[in-house]
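Notes for the one structure printed next.
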């Protein structure tokens with residue numbers, strides 16, 4: 002047996018040992034994952050059934066027509082350049098609704114125009 006054959010044989014042995022180590026590490030990880038899966042499955046079975054929760058759906062917007070007083074108030078806010086967000090909170094209307102009405106009336110709205 003020559004020196005190169007011995008080196009090749011030791012390299013082959015080292016590679017084989019490394020492969021065995023990698024395989025054992027993979028098997029250990031797989032067993033840990035299996036244990037966790039088993040635990041969660043048991044926990045799900047043991048948990049009491051959840052009560053039926055009524056889903057909250059978005060409320061449908063109730064359309065309110067603009068009264069003469071609302072239009073007068075909108076014109077006053079336009080003149081004083083009140084921010085649209087503030088007007089929306091005061092009048093309990095959406096920003097889009099206020100902007101649409103102002104556009105139809107031909108008045109500017111908001112502090113930046």
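In the numbering used here, the protein residues as written are 2 to 114. Beta carbons are placed, not taken as given, at the ideal position from N, Cα and C, and that holds for glycine. Because the structure is a prediction, the values reported are computed rather than measured.
Given this structure, state the Cα-to-Cα distance separating residue i from residue j, to the nearest angstrom.
i	j	result
residue 98	residue 57	24 angstroms
residue 70	residue 79	14 angstroms
residue 36	residue 30	10 angstroms
residue 76	residue 60	29 angstroms
residue 19	residue 54	55 angstroms
residue 64	residue 93	11 angstroms
residue 66	residue 38	59 angstroms
residue 21	residue 6	23 angstroms
Which of helix, strand or coil does DSSP assign to residue i?
i	result
residue 97	helix
residue 91	helix
residue 15	helix
residue 21	helix
residue 1	Any property of residue 1 remains undetermined from this structure, which presents the chain solely from 2 to 114.
residue 8	helix
residue 33	helix
residue 106	helix
Using the Cβ count rule (16 or more neighbours within 10 Å means buried), how would you classify residue i?
i	result
residue 85	buried
residue 110	buried
residue 103	buried
If I follow the unbroken alpha helix (DSSP H) through residue i, where does it start and stop?
i	result
residue 80	69–81
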